[in-house]
Amino acid sequence: MDKAEDPLAQLENYDGELPIIATNRSQWFGGNAIDHGRLDRLMEAARSESVEMVDIELETARGKEWVLEEFRETDIELIISFHEFEETPDQTTLDAIIEECAQYGDIAKVATFANDRTDTLRMLRAINSATEDGIQIAGISMGEIGSHVRVLGPLYGSKLGYAPLETDTSEYAPGQISLQRVRSLIDAIEQGEAATQIIDGVEERAPASHGYSQTD
């Protein structure tokens with residue numbers, strides 16, 4: 003919402019079939035919204051029939067837990083998100099952040115910057131562990147080094163992906179892959195030999211791909 007010209011009017015006029023994830027990032031969390039009235043406008047958006055989920059920052063959830071109950075009364079799901087734009091925390095810290103996000107919301111979304119391939123392995127391990135623990139997780143490694151996690155993440159259980167349209171020239175998080183490209187890569191993996199995991203001589207199909215949206 004913070005990057006749209008008139009988000010509430012646009013939601014009112016929206017006649018598409020796909021549901022919407024609404025978020026209204028303040029400047030503290032990489033967005034453009036001013037703090038005053040930010041959550042009120044997000045609450046108004048949550049009442050729209052087209053909005054299925056609302057993305058709220060972990061830091062906001064910590065300080066204003068009572069607000070989350072008001073959002074739940076609108077019958078939407080809550081994505082509690084954490085962003086680290088400079089590094090990827092150590093494994094213990096990363097797992098703890100995911101668990102905390104899950105305590106506040108329906109989906110835990112964690113996006114961290116990957117400075118090397120070890121960081122991407124740490125994110126994939128966190129996604130896998132959270133999935134095994136029954137947590138609805140969306141894990142993202144930002145940056146060019148981490149871009150492949152956007153494709154491999156769903157195979158480890160990541161429930162949401164974020165990708166711009168190929169024709170969209172707006173500035174998005176580093177390491178973004180276009181919607182068409184990321185979808186084709188996931189399809190290629192799942193339809194090819196890489197989609198079959200051979201474990202102790204037993205073939206098991208990899209998990210199905212999950213929805214990818216044009217956002218974030």
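Residue numbering for the sequence shown is 3 to 218, as defined by my numbering.
By construction, the Cβ of each residue, glycine as well, lies at the ideal position given by its N, Cα and C atoms.
Using a Cβ distance threshold of 8 angstroms, L41 and M3 do not count as a contacting pair.
With three or more CB-CB distances shorter than 8 angstroms, the segment 134-144 counts as touching the segment 111-118. Beta-carbon to beta-carbon, L96 and R124 are separated by about 6 angstroms, close enough to satisfy the 8 angstroms threshold.
According to the DSSP secondary-structure assignment, V151 is paired through a beta bridge with no residue.
As summarised for the segment 54-91, the continuous beta strand (DSSP E) elements at least 3 residues long and confined to that stretch are 79-86, given in chain order.
Taking the CA atoms as reference points, L126 sits about 19 angstroms from D189.
When the beta-carbon positions are compared, F115 and T90 come within less than 8 angstroms of each other. Taking all protein chains shown into account, A35 has 16 or more neighbouring C-beta atoms within 10 Å of its C-beta and is therefore buried. In its chain, beyond the 5 residues on either side, T122, M125 and S143 have a beta carbon closer than 6 angstroms to the beta carbon of V151. Of the candidates G155, P166 and G33, the residue whose Cα lies closest to the Cα of I191 is G155. The Cβ neighbour count for A98, taken over all protein chains shown within 10 Å, is under 16; the residue is labelled exposed.
Between the alpha carbons of R64 and Q178 lies a distance of about 28 angstroms. Sequence-distant partners of E146 (beyond 5 residues in either direction) whose C-beta falls short of 6 angstroms from its own C-beta, in its chain, are G177.
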